[in-house]
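First comes the structure, then the notes that go with it.
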Amino acid sequence: MILLEGKPAAAAIKADLSKQVNALIQKKLRPPHLVAVLIGNNGASETYVASKIKNCEEIGFQSSLIRFETSVPEDILLQKLEELNNDDTVDGMLVQLPLPKHISEEKVINTITPEKDVDGFHPVNLGRLAQGAPTFIPATPYGIILLMQHYGIHAKGKHAVVIGRSNIVGRPISILLSSNQPYGNATVTICHSHTPNLKELSLQADILVAALGKPGFVTADMIKEGAVIIDVGITRVEDTSAKKGFRIKGDVNFDEAAAKASYITPVPGGVGLMTIAALLKNTVTAYLKRHNLSEAILSE
Ligand code: NAD
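For the sequence shown, this note's numbering assigns the number 2 to the initial residue and increments by one for each residue that follows.
Right under this line is the structure:
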C-alpha cells in the first residue's frame with residue numbers, strides 16, 4: 002500500500018509557483034493577488050483561511066483577508082464583492098463557506114465575477130467544466146487530480162465510484178474523472194444519500210472517492226482489493242485526549258481500508274493540502290488571463 006501524501010505533492014506545486022512568481026518579479030510585474038473573505042469566526046473556517054493566506058505568503062503571492070462580523074447584512078457583503086470584482090489589483094477572490102443563515106450562498110457565488118472565481122463555484126465556471134472547456138476547476142477536485150498525477154495514478158479505463166454529489170466535490174470530481182482529458186476517461190458511478198446498493202457499487206470501484214462528510218463511513222467490506230482510495234472527508238470529532246479537544250476524521254476507516262488498498266490518502270495530510278495548492282494554481286491562471294499573458298512568461 003502506498004500512502005498518497007499531500008505534503009510532497011503540494012510542496013512540488015508550490016515550488017513551481019514560487020519560481021513563477023520570481024519570473025514575474027524579474028520582469029517588473031507584480032505577483033498574483035488572492036483575496037479571502039471570512040464572515041464570522043467559525044473555527045474550521047478560520048483555520049482554512051489562515052492556511053490559504055500563509056500559503057500565499059510562502060510562495061510570494063500578495064494576499065488579503067477581509068473579515069466581517071456574523072451579523073453583516075447581505076447587501077454590504079455583496080457590495081464588497083462588487084468592489085473586489087472591479088479592483089484591478091485583485092486577481093482571485095473567494096468567500097469562505099459556510100455562510101451565516103441570513104446570507105444566500107447562491108447570491109454570493111453568483112456575485113463573484115467568473116474571471117476572479119478561483120474556487121470555481123460560479124455557474125459559468127461549473128458550466129464550462131461540464132462542457133470540458135477551460136475553466137477554474139473547483140480546488141478540491143482539482144487537488145485530487147493533481148495528487149493522482151503526482152503519484153502516477155491513471156483513471157483511464159478504470160471504474161471510479163464517487164460517494165457524494167455536492168457542487169464543490171462529488172459532482173465536479175465525477176465530471177473530471179469521466180472527461181476526455183489525460184486525467185480522465187474513467188467510467189464513473191456517482192452515489193448519494195438515496196443510493197440503495199452503495200456497497201455493491203463501491204465494491205466494483207478501482208478508484209473510490211469518499212466525499213460525504215460521515216467519519217469512518219467506508220469500511221473494509223465496501224472496498225475491492227487493490228483499489229485506490231481518495232478520502233475527501235474532514236470532520237471534527239470530539240476527542241478529550243487531543244490538545245484542541247477534537248480530531249480530524251475522514252470518511253474512510255483508514256486502518257481497515259489501508260489493508261486492502263493499493264493507494265490511500267491519509268486524513269489529515271492528504272486531499273486537504275492539495276486543495277490549497279490547486280487554489281494557488283487557479284490564482285495564477287486568473288492572473289495570466291486578466292493580464293493577457295501567456296504561460297510562457299512564467300518560465301522565461
Ligand atoms: P455535502 O454535505 O455538501 O455533500 C455530501 C454528499 O454526500 C451529498 O451529496 C449526499 O447525498 C451524500 N451523502 C450523505 N450521506 C450519504 C450516505 N449515507 N450515503 C451516500 N451518500 C451520502 O458535503 P461536501 O461539501 O461535498 O463535503 C463532503 C466532505 O468533504 C465533508 O467532510 C467536508 O468537510 C469535506 N471537504 C473536504 C475538503 C478538503 O479540502 N479536503 C474540501 C471540501 C469538503
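Cβ coordinates follow ideal geometry from the N, Cα and C atoms, glycine included. Source: prediction; values computed, not measured.
### Any non-hydrogen atom of the ligand NAD closer than 6 Å to His193 Cβ
Because some heavy atom of the ligand NAD lies under 6 Å away, the Cβ of His193 counts as near it: yes.
### Message
Under 6 Å: does the beta carbon of Gly165 sit that close to some heavy atom of the ligand NAD?
### Response
Checking every heavy atom of the ligand NAD against the Cβ of Gly165, one is found closer than 6 Å.
### Message
Going by DSSP, what residue range makes up the beta strand (DSSP E) through Lys250?
### Response
Taken as a continuous stretch (DSSP letters only), the beta strand (DSSP E) holding Lys250 covers 247-250.
### Query
DSSP on Val189, reduced to helix/strand/coil?
Strand, per DSSP.
### Message
Quick check on the burial criterion: 16 or more other C-beta atoms within 10 angstroms. Buried or exposed for Gln21?
### Response
Gln21 is buried by the Cβ-count criterion.
### Message
Is the separation between the beta-carbon of Gly7 and that of Leu274 shorter than 7 Å?
### Response
Their beta carbons are under 7 Å apart, which means Gly7 touches Leu274 by this criterion.
### Query
Between Pro183, Arg166, Ala211, Lys55, which lies nearest to His195 when the distance is taken from Cα to Cα?
Cα-wise, what sits closest to His195 is Arg166.
### Message
Between the alpha carbons of Leu92 and Val125, how many angstroms are there, rounded?
### Response
In the sequence as displayed, the identity of residue 92 is Asp instead of Leu. Rounded to the nearest angstrom, the two C-alpha atoms are 17 Å apart.
### Closest by C-alpha distance to Asp240, when choosing among Phe218, Leu35, Ile249
Per the Cα distances, Ile249.
### Query
Taking 6 Å as the cut-off, does the CB of Leu82 come closer than this to any heavy atom belonging to the ligand NAD?
Checking every heavy atom of the ligand NAD against the Cβ of Leu82, none is found closer than 6 Å.
#### Entry: Distance between His151 and Val210 (C-alpha atoms, nearest Å)
So the two alpha carbons sit approximately 17 Å from each other.
### Task
May I ask you to check if the CB of Leu289 is nearer than 6 Å to at least one heavy atom of the ligand NAD?
The answer is no for Leu289.
### Query
Out of Ser64, His160, Asn111, which has the shortest C-alpha to C-alpha gap to Glu83?
Asn111 is the residue among Ser64, His160, Asn111 whose C-alpha sits nearest the C-alpha of Glu83.
### Task
Could you tell me whether the segment 279-295 touches the segment 93-106, where touching means 3 or more Cβ pairs closer than 8 Å?
Output reads yes: the segment 93-106 touches the segment 279-295.
### Message
Here's the rule: buried if 16 or more other CB atoms are within 10 angstroms of the residue's CB, otherwise exposed. What is Ser295?
### Response
Per the 10 Å Cβ criterion, exposed.
### Task
State yes or no: is the C-beta of Gly171 within less than 7 Å of the C-beta of Leu178?
No. Outside cutoff.
### Message
Between Thr190 and the ligand NAD, is there a pair consisting of the residue's CB and a ligand heavy atom that are separated by less than 6 Å?
### Response
Checking every heavy atom of the ligand NAD against the Cβ of Thr190, none is found closer than 6 Å.
#### Entry: In chain order, each alpha helix (DSSP H) run of at least 4 residues that lies wholly inside the segment 111-155
Complete alpha helix (DSSP H) runs here, min 4: 124-132, 140-151.
### Task
Could you tell me if Asn56 is buried or exposed, where buried requires 16 or more neighbouring beta carbons within 10 angstroms of its beta carbon?
Classification for Asn56: buried.
### Message
Within the continuous alpha helix (DSSP H) that includes Phe255, where are the two ends?
### Response
It spans 255-259 - the alpha helix (DSSP H) in which Phe255 sits, taken as one unbroken run.
### Message
I believe Pro142 touches Ile174 by the beta-carbon criterion, under 8 Å. Please report the beta-carbon distance rounded to the nearest angstrom.
### Response
Indeed, because the Cβ distance is near 4 Å, the residues count as touching under 8 Å.
### Message
Can you check which of these residues, Leu85, Thr71, Asp76, is closest to Leu98 by C-alpha distance?
### Response
Checked all of Leu85, Thr71, Asp76; the closest Cα to Leu98 is Thr71.
### Message
For Ile208 and Ile40, I'd like the C-alpha separation in whole angstroms.
### Response
Each residue's Cα considered, the two are about 36 Å apart.
#### Entry: Segment limits, alpha helix (DSSP H) that includes Thr276
Segment 272-291, the alpha helix (DSSP H) holding Thr276.
### Task
Pick helix, strand or coil for Leu18, following the three-state DSSP scheme.
Annotated three-state conformation of Leu18 is helix, per DSSP.
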